[in-house]
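Chains as they are written, first to last, in full-length UniProt numbering: chain L, 1 to 331; chain D, 1 to 331. Glycine included, every Cβ here is placed at the ideal spot set by N, Cα and C. Structure record follows, encoded as structure tokens.
Have a look at this one:
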């Protein structure tokens with residue numbers, strides 16, 4: 001391929017939506033941005049690697065979309081309004097078909113959020129996408145992991161578990177193949193995998209909702225490593241415990257449709273990860289305002305438990321449940 | 001390896017130097033930073049991949065140092081004062097020896113610059129280090145590629161060509177092996193390579209000098225892709241040409257010591273890249289102030305030519321030279 005790094009960047013990654021406050025975008029040593037004086041800048045960075053965060057041969061469109069989504073999800077978890085982003089991409093070769101589709105997926109979300117790409121780099125290497133995203137949040141208004149209070153309600157947006165189910169399907173372990181056969185789903189295996197994998201990557205961003213939410217909640221996290229793992233970060237930072245009711249976990253319609261075993265459903269919701277939904281705590285006196293927000297932003301919200309003194313307790317129909325499995329970790 | 005991502009980050013990448021203006025560092029969904037109202041934030045991101053930007057088995061200390069250096073070099077090229085940085089690292093496995101040395105190299109530069117690490121992530125994958133660095137620059141004071149003016153002098157800090165010579169040595173092509181034999185250096189090949197490679201990675205940052213320089217220069221770039229390639233960015237952005245005198249190129253003492261052929265020396269200086277020195281233009285009436293700066297920051301500075309109307313012309317002892325080779329590009 002004769003296309004150079006400079007041509008690549010120009011062709012696929014130069015957008016004209018420079019945006020207010022961006023004094024200098026792509027094309028110099030650095031980008032330059034201004035921050036309004038009453039705001040702080042929220043900064044996050046996340047990497048997606050082939051074979052680790054996504055399967056080989058994943059559609060480049062989905063990949064472009066999700067690489068940005070996981071980053072704006074971190075902004076949402078602080079209540080920050082997305083402002084701009086940078087992209088570093090390692091490619092085995094300068095495949096223009098790949099880049100065109102990747103760029104389309106990336107910009108489908110960036111355009112929706114009115115988010116300019118202000119810089120980045122491309123390099124030769126095994127497929128890896130590293131994005132840094134920047135958001136604005138009024139000083140002192142960020143939702144932080146350390147702010148959960150005893151008796152706060154614990155809430156989740158959307159549903160949990162579908163992305164993890166897709167990953168299990170994709171690995172085609174003996175366990176999941178046996179299960180699918182038992183459920184008489186083995187003939188539809190591929191189409192179920194494709195459906196769940198695609199839906200699990202095209203996750204809706206919660207940015208607009210989260211920005212409004214930060215007025216009534218001061219503690220949130222996005223679920224990347226699984227509900228238990230991410231809730232534990234909140235509990236540890238806030239020095240509190242929690243009670244979670246498993247029957248209240250928001251599950252995708254597909255779990256019922258495919259008739260997945262109940263304990264496997266719970267497992268996917270609790271430990272699966274990759275959901276990029278918001279987990280937040282809030283004084284329950286705000287529940288009316290929360291319902292109004294959820295309605296006006298069309299975001300499903302469900303209460304799954306309560307912040308308590310002590311440790312984390314999981315209950316199902318009132319009975320305590322012992323789940324010892326470790327959350328997903330990258331090593 | 002039983003060490004998890006969270007433990008890794010905590011053990012090797014949590015520093016206490018949170019720094020003024022950093023409201024929230026590592027440990028939440030985002031970092032939060034404040035920007036003084038008279039400043040803009042300069043943002044840059046750069047990736048170093050094994051086998052592309054550095055040889056396999058490169059010392060992790062050098063790698064940690066250089067991964068940060070290439071980023072602060074972009075800040076210096078705008079005249080921005082380094083403020084903080086994030087780190088995304090892909091590792092084949094959680095090798096603690098590697099991480100300890102890498103972290104030591106990284107912090108040797110970060111500490112010198114008083115630069116807090118505010119966030120990042122680690123993931124499994126082929127060795128790749130992606131850093132984003134942030135700097136403060138007074139509004140309107142950034143040195144930009146588009147600001148070169150006719151009759152400006154063209155200046156270089158430090159020397160050019162040594163990192164590129166090290167890369168040539170490292171590839172051990174038939175060409176370089178023959179050359180080293182001809183120069184009777186084949187017995188010392190390894191020690192010469194090690195010396196040049198290490199020196200070419202432990203490049204001194206130009207941040208403090210650049211920050212002061214921005215008062216007398218308004219146009220700079222750092223040399224990553226080679227003098228010709230990077231000068232061309234300035235000329236294109238500023239819509240000007242230039243005359244460069246090859247006999248004025250600042251060459252490392254090693255070139256004379258090893259008695260490298262003159263045209264090979266020129267080639268390394270012009271097209272080698274990886275120098276991370278500053279190339280800047282300035283009205284020559286400021287040369288006295290420049291000399292004072294260079295002296296007080298102990299930074300060698302050399303004038304290599306002049307901005308002209310027209311195209312880029314290279315001269316050696318007054319005679320025009322035609323160098324057609326393309327600059328280093330990543331694809």
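Taking the runs of the beta strand (DSSP E) that are 3 residues or longer, which of them lie wholly in the UniProt domain "PurM-like C-terminal" (205–310) of chain D?
Counting only runs of 3 or more, we get 219–222, 241–245, 278–282, 301–308.
Between the CA atoms of residue 51(D) and residue 167(D) - distance to the nearest angstrom
Position 167 of the second chain, counting from 1, holds the residue named residue 167(D). Position 51 of the second chain, counting from 1, holds the residue named residue 51(D). Each residue's CA atom was taken as its position, placing residue 167(D) and residue 51(D) some 11 Å apart.
Run down chain D in chain order and give the residues with a C-beta less than 7 Å from the C-beta of residue 234(L).
Counting from 1 along the first chain, the entry for residue 234(L) is found at position 234. Result: empty, since nearest Cβ-Cβ is about 10 Å, beyond 7 Å.
List, in order along the chain, the chain D residues whose C-beta lies closer than 8 Å to that of residue 145(L)?
As a working mapping, residue 145(L) is identified with position 145 in the first chain. Under a criterion of Cβ atoms nearer than 8 Å, the residues of chain D adjacent to residue 145(L) are, in order, 27, 28, 29.
Would a C-beta distance cut-off of 8 Å place residue 272(L) and residue 164(L) closer than the cut-off?
Here the question's residue 272(L) lines up with position 272 in the first chain. Here the question's residue 164(L) lines up with position 164 in the first chain. Yes, these two residues count as a Cβ contact at 8 Å.
Is it the case that the segment 280–295 of chain D contacts the segment 248–268 of chain D, given that we only count it when at least three CB pairs across the two stretches are under 8 Å?
They do not touch, by the three-pair rule.
Tell me whether the beta-carbon of residue 65(L) lies closer than 8 Å to the beta-carbon of residue 169(L).
The residue you call residue 65(L) lines up with position 65 of the first chain. The residue you call residue 169(L) lines up with position 169 of the first chain. No.
So that I know if they touch, is there some Cβ in chain D lying closer than 8 Å to that of residue 275(L)?
One-based indexing of the first chain puts residue 275(L) at position 275. Chain D contact via Cβ: absent.
Measuring only the C-alpha atoms, how far is residue 157(L) from residue 25(D)?
By one-based count along the first chain, residue 157(L) stands at place 157. By one-based count along the second chain, residue 25(D) stands at place 25. Distance between the alpha carbons of residue 157(L) and residue 25(D): 26 Å.
From residue 267(L) to residue 251(L), what does the alpha carbon distance come to, in whole angstroms?
Taking the first chain and counting its residues from 1, the one referred to as residue 267(L) is at position 267. Taking the first chain and counting its residues from 1, the one referred to as residue 251(L) is at position 251. Each residue's alpha carbon lies about 11 Å from the other.
Do you know how far the Cα of residue 74(L) is from the Cα of residue 314(L)?
If you number the first chain from 1, residue 314(L) lands on position 314. If you number the first chain from 1, residue 74(L) lands on position 74. Straight-line Cα distance between these residues: approximately 26 Å.
Exposure of residue 310(D), with buried meaning 16 or more beta-carbon neighbours within 10 Å:
Against the second chain, residue 310(D) aligns to sequence position 310. In summary, residue 310(D) is exposed, with fewer than 16 beta-carbon neighbours lying within 10 Å of its beta-carbon over all protein chains present.
Beta-carbon proximity list for residue 223(L), same chain, < 6 Å, skipping 5 on both sides
Along the first chain, read from residue 1 onward, the residue named residue 223(L) stands at position 223. Taking residue 223(L) as the centre and dropping the five residues before and after it, the same chain places the C-beta of 230, 275, 277, 279 closer than 6 Å to its C-beta, in chain order.
Taking the C-alpha atoms as reference points, what is the distance between residue 188(D) and residue 258(D)?
Here residue 188(D) is taken as the residue at index 188 of the second chain, counted from 1. Here residue 258(D) is taken as the residue at index 258 of the second chain, counted from 1. CA-CA distance, residue 188(D) to residue 258(D), rounds to 11 Å.
Do you know offhand how far residue 130(D)'s Cα is from residue 240(L)'s?
Within the second chain, the letter at position 130 stands for residue 130(D). Within the first chain, the letter at position 240 stands for residue 240(L). So the two alpha carbons sit approximately 35 Å from each other.
Whole-angstrom Cβ separation of residue 190(D) and residue 109(D), contact assumed at under 8 Å?
Residue numbering aside, residue 190(D) sits at position 190 when the second chain is read from its first letter. Residue numbering aside, residue 109(D) sits at position 109 when the second chain is read from its first letter. Rounded, the Cβ-Cβ distance is 27 Å, inconsistent with contact.
How would you call residue 12(L), buried or exposed, if buried means at least 16 neighbouring beta carbons within 10 angstroms?
Sequence index remark: in the first chain, residue 12(L) carries index 12 (1-based). Residue 12(L) sits buried, since 16 or more C-beta atoms from the chains shown fall within 10 Å of its C-beta.
Are the segment 27–46 of chain D and the segment 108–127 of chain D touching, with three or more C-beta to C-beta distances below 8 Å?
Yes, the segment 27–46 of chain D is in contact with the segment 108–127 of chain D.
Could you check the C-alpha separation between residue 330(D) and residue 127(D) for me, to the nearest Å?
Along the second chain, read from residue 1 onward, the residue named residue 330(D) stands at position 330. Along the second chain, read from residue 1 onward, the residue named residue 127(D) stands at position 127. Residue confidence is low: residue 330(D) scores 35 on pLDDT, short of 50, so the model does not pin down where it sits. Its coordinate-derived value is still stated next. Cα-Cα distance, rounded: 17 Å.
Look up residue 320(D) in the DSSP assignment and give the residues it is bridged to.
Residue numbering aside, residue 320(D) sits at position 320 when the second chain is read from its first letter. Residue 320(D) is bridged by DSSP to 315(D).
Just to make sure I have the definition right: I need the residues of chain C whose C-beta is within less than 7 Å of the C-beta of residue 37(L). Which are they?
In the structure shown, chain C does not exist; the protein chains are L and D.
Using a Cβ-Cβ distance cut-off of 8 Å, determine whether residue 57(L) contacts chain D.
To locate residue 57(L), count along the first chain from 1; it is residue 57. It does not; no Cβ of chain D falls within 8 Å.
Per DSSP, the bridge partner or partners of residue 35(D)
Against the second chain, residue 35(D) aligns to sequence position 35. Answer is none; residue 35(D) lacks a bridge partner.
Which residue comes first and which comes last in the beta strand (DSSP E) that contains residue 82(D)?
Position 82 of the second chain holds residue 82(D). Where residue 82(D) is concerned, the enclosing beta strand (DSSP E) stretches over 81–91.
C-beta neighbour in chain D for residue 330(L), strict 8 Å
As a working note, residue 330(L) is residue 330 in the first chain. The predicted model places residue 330(L) with a pLDDT of 34, which falls under 50 and marks its position as unreliable; any figure quoted below should be read in that light. True, the Cβ-Cβ gap to chain D drops below 8 Å.
8 Å contact criterion, which residue 299(L) and residue 246(L) should meet: CB distance rounded
The residue labelled residue 299(L) in the question sits at position 299 within the first chain. The residue labelled residue 246(L) in the question sits at position 246 within the first chain. In fact, because the Cβ distance is near 22 Å, the residues do not count as touching under 8 Å.
Stretch pair the segment 141–158 of chain D + the segment 208–222 of chain D: three plus CB contacts closer than 8 Å
The count of Cβ pairs closer than 8 Å, one atom from the segment 141–158 of chain D and one from the segment 208–222 of chain D, reaches three, so the stretches are in contact.
Closest Cα partner of residue 255(D) within the set 244(D), 43(D), 269(D):
To locate residue 255(D), count along the second chain from 1; it is residue 255. Checking every option, the nearest Cα to that of residue 255(D) belongs to 269(D).
Under 7 Å between beta-carbons, which chain L residues line up against residue 75(D)? List them in chain order, please.
Locating residue 75(D) in the second chain gives position 75, counting from the first residue. Correct list: 30.
Cα-Cα, which of 58(D), 136(D), 100(D), 105(D) is closest to residue 38(D)?
Residue 38(D) sits at position 38 when you count from the first residue of the second chain. If we check each option's Cα against that of residue 38(D), 136(D) comes out closest.
Given that residue 40(D) touches chain L, what residues does it touch there, using C-beta distances under 7 Å?
Sequence index remark: in the second chain, residue 40(D) carries index 40 (1-based). Those within 7 Å of residue 40(D) in chain L are 23, 32, 33, 34.
Since residue 284(D) contacts residue 153(D) with CB under 8 Å, what's their CB separation in whole angstroms?
Position 284 of the second chain holds residue 284(D). Position 153 of the second chain holds residue 153(D). Confirmed, Cβ separation roughly 4 Å.
Are the beta-carbon atoms of residue 133(D) and residue 44(D) separated by less than 8 Å?
Locating residue 133(D) in the second chain gives position 133, where the first residue counts as 1. Locating residue 44(D) in the second chain gives position 44, where the first residue counts as 1. Yes.
So that I know if they touch, is there some Cβ in chain L lying closer than 8 Å to that of residue 80(D)?
Stepping through the second chain from its first residue, residue 80(D) is reached at position 80. Yes, its Cβ sits closer than 8 Å to a Cβ of chain L.
Ordered list of alpha helix (DSSP H) runs contained in the segment 150–207 of chain D, each at least 4 residues
Listed in chain order, the complete alpha helix (DSSP H) runs (minimum 4 residues) inside the segment 150–207 of chain D are 162–171, 174–182, 189–201.
In terms of alpha-carbon separation, which member of 294(D), 19(D), 175(D), 7(D) lies closest to residue 113(D)?
Locating residue 113(D) in the second chain gives position 113, counting from the first residue. Distances from the alpha-carbon of residue 113(D) to those of 294(D), 19(D), 175(D), 7(D) put 19(D) closest.
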